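Down below is the structure, laid out as structure tokens.
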Amino acid sequence: MSGSTCTAPSRNDQDQEFYINFGRAVRTLREDIALFFHKPADMSIFTEDIGFIDNISSRIGIAAPIRVTGKEAYRRHLWSLRFHAGIIFSRSEVNILRLWQRTPQSVSVRWTIRCYPRLLNGVVGSVVYLDGVSEYKFNSKGLIYEHSVDILNWDGLRMGLKKRGQQVALVPTPF
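So this is what it looks like as structure tokens:
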């Protein structure tokens, strides 16, 4: 009697799926991060319930950490960041400084953003820098289930932004 039987995927098959997806995700991140302000991200590398944690807003005093859950909400949040950057800045660029595998199931990316404000304290041509790090965590299938961002350095005080409690206000600067 000849017949086919269904068997559970072997550990090697699961590992192979992980590494194929993981490698594709890392290549995609390299491209998508560098082009963040110019095109939407490839959402195929994320799980449906992707969690996004933005610690930058709280560090610069604008708001509490932002948390977004779900692929569609994450896509909308990234679109909103690109949209608002397009209004505030005449040009924005992201440079990837370093990408490394922090653990077997996570990747960190050190990046810097350079933005050219449309008008800052009446001075055209000022540049704003934001240095940060993103951490991406992968599930057993090699898809990203969590993305967190944090700030390493921000020159907002040099631009004339001063904290007032939890609000940031534009104030004149002597230089």
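Numbering (my numbering), first residue to last: 1051 to 1225.
Even glycine gets a Cβ: it sits at the ideal position worked out from N, Cα and C.
Being a predicted model, the structure only gives us computed values, none of them experimental.
### Task
State the Cα-Cα distance for the pair L1169 and S1107, rounded to the nearest angstrom.
As a working mapping, residue 1169 is identified with position 119 in the sequence shown. As a working mapping, residue 1107 is identified with position 57 in the sequence shown. Here the alpha carbon of L1169 sits roughly 21 Å from the alpha carbon of S1107.
### Query
In three-state DSSP terms, what is R1080?
Counting from one through the sequence shown, the residue named residue 1080 turns up at place 30. Here R1080 sits in helix by DSSP.
#### Entry: Collapsed DSSP secondary structure at K1191 in the structure displayed
Residue numbering aside, residue 1191 sits at position 141 when the sequence shown is read from its first letter. DSSP places K1191 in coil when its eight states are reduced to three.
### Backbone CA spacing between L1085 and E1143 [nearest angstrom]
Taking the first residue of the sequence shown as position 1, residue 1085 is located at position 35. Taking the first residue of the sequence shown as position 1, residue 1143 is located at position 93. Between the alpha carbons of L1085 and E1143 lies a gap of roughly 8 Å.
### Among T1153, S1130, E1098, nearest to P1090 - alpha-carbon criterion
For this step, residue 1090 is matched to residue 40 along the sequence shown. For P1090, the closest of T1153, S1130, E1098 by C-alpha to C-alpha distance is S1130.
### Task
Consult DSSP for F1102 and reduce its assignment to one of helix, strand or coil.
Stepping through the sequence shown from its first residue, residue 1102 is reached at position 52. The answer is strand: DSSP assigns F1102 an E or B state.
### Message
Does the structure place the stretch 1180-1199 close enough to the stretch 1099-1106 that three or more beta carbon pairs sit under 8 Å?
### Response
A contact exists between the stretch 1099-1106 and the stretch 1180-1199.
### Message
Classify W1161: buried if its beta carbon has 16 or more other beta carbons within 10 angstroms, exposed otherwise.
### Response
As a position in the sequence shown, residue 1161 is number 111, starting the count at 1. With a 10 Å radius around the Cβ and a threshold of 16 neighbouring Cβ atoms, W1161 comes out buried.
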